[in-house]
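Scroll down for the structure; my scribbles are underneath it.
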């Protein structure tokens, strides 16, 4: 349980050689995704406000052999979340029908999974004579931050609206936070994104079926380490950032890992959203969302992180 291919040298070089996808490859993937975006803008029977590309490709945190693209399709014409939910299955059917014909530069685009929330496609993209696989999620949504007059609603107003909704409605707001979430990772410091990539690579190589850690949780932990543990030191050594992240995961004694530019995580109204007995990592954009792993997986994550820590060089702090 470690980093396959890592021999104890520079983690920066390891990321360059093994973890980070080639820039040319990413450019080709973005080009292929843009074709789908342009096609979705013409979705018959629906008024598309905008399409936001998220996922690892959209956030700039993609890892070799594991690139995914999430397209959030914001639609006009809905006055409430409840009204949108009554139409979502029809919208998903419209999208599936519209994308039946393959777009240029994509060898094959087939449905992998249908849920009540989204469609997942397996795409095969040509790159330098090879066919590279890309997983793409398409999620219809409404812009809960847009007022009826076209302006932007204060985020606190959206929180208050969510608080008034039952959980089966409130949970559907999460996808509408994609731009707020994306902004958190839009850092000028590329090393933060490399730290996130390294965490994603580690969980991808070690989790298998024993435990799961979402990619978004890895992103939250990476930014948390940078902001709260490394004091936003832009030239931190990767070994230090990685060790700090793994130490957090090996102990998992932070019952409440929280930070946000949008809300005060220490306010009673947010603290009370989750029971104090539960381990959770609050979404820095959406205080109603726990991004952390399931309780029954934490012991396995702690063990894996501890074993990886033991195989790494010691801290090289230059603070």
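In our numbering, the protein residues as written are 338 to 656. A virtual CB, placed ideally from N, CA and C, is assigned to each residue, including glycine.
- DSSP places residue 388 in the uninterrupted beta strand (DSSP E) bounded by 385-391.
- Look at residue 431 here: in three-state DSSP terms it is helix.
- The beta carbons of residue 555 and residue 409 sit no closer together than 8 Å.
- At the C-beta level, residue 456 and residue 472 stay beyond 8 Å of one another.
- Rounded to the nearest angstrom, the gap between the Cα atoms of residue 544 and residue 629 is 14 Å.
- When DSSP assignments are scanned along the region 489-533, the uninterrupted stretches of alpha helix (DSSP H) that are 4 or more residues long and fall wholly within it turn out to be 492-500, 504-507 and 515-521.
- With respect to the 8 Å criterion, residue 355 and residue 537 are not classified as neighbours on the basis of their beta carbons.
- Counting only runs of at least 3 residues, the region 338-407 fully encloses the following beta strand (DSSP E) elements, listed from N- to C-terminal order: 385-391.
- One Cα belongs to residue 512, the other to residue 620, and the distance between them is close to 12 Å.
- With distances taken between CA atoms, residue 437 lies nearest to 447 out of 447, 428 and 636.
- Cβ contact annotation for residue 493 (same chain, cutoff 6 Å, sequence separation greater than five): none.
- For residue 502, the closest alpha carbon among the candidates 419, 379, 371 and 425 is that of 419.
- By the CB criterion at 8 Å, residue 518 and residue 406 fall outside the cutoff.
- Taking the Cα of residue 593 as reference, the smallest distance to any Cα among 563, 610 and 649 is reached at 610.
- In the structure shown, residue 562 falls within a helical segment according to DSSP collapsed to helix, strand and coil.
- Setting aside the 5 residues that flank it on each side, residue 341 is surrounded in the same chain by 542, each with a C-beta closer than 8 Å to its C-beta; the list follows chain order.
- Residue 631 counts as exposed, since fewer than 16 other beta carbons sit within 10 angstroms of its beta carbon.
- With respect to the C-alpha of residue 460, the residue from 453, 625 and 475 having the closest C-alpha is 475.
- The beta strand (DSSP E) runs of length 3 or more contained entirely in the region 573-649 do not exist; there are none.
- Distance from the CA atom of residue 507 to the CA atom of residue 416, rounded to whole angstroms, is 15 Å.
- If you draw a straight line from the Cα of residue 624 to the Cα of residue 505, it comes to about 16 Å.
- Nearest in C-alpha terms to residue 497, of all of 431, 600, 596 and 397, is 600.
- Taking the Cβ atoms as the reference, residue 638 lies roughly 7 Å from residue 550, within the contact range of under 8 Å.
- Of the candidates 576, 626 and 616, 576 places its Cα closest to the Cα of residue 350.
- Counting only the Cα atoms, residue 583 lies some 7 Å from residue 646.
- DSSP places residue 458 within a strand segment (E or B) once states are collapsed to three.
- Around the CB of residue 626, 16 or more other CB atoms lie within 10 Å, so the residue is classed as buried.
- Taking a C-beta distance under 8 Å as the contact criterion, residue 529 and residue 560 qualify as a contact pair.
- CA-to-CA, the gap between residue 379 and residue 458 works out to about 19 Å.
- Residue 453 sits exposed, since fewer than 16 C-beta atoms from the chains shown fall within 10 Å of its C-beta.
- In this structure, 574 is the residue among 586, 574 and 450 with its C-alpha nearest to the C-alpha of residue 352.
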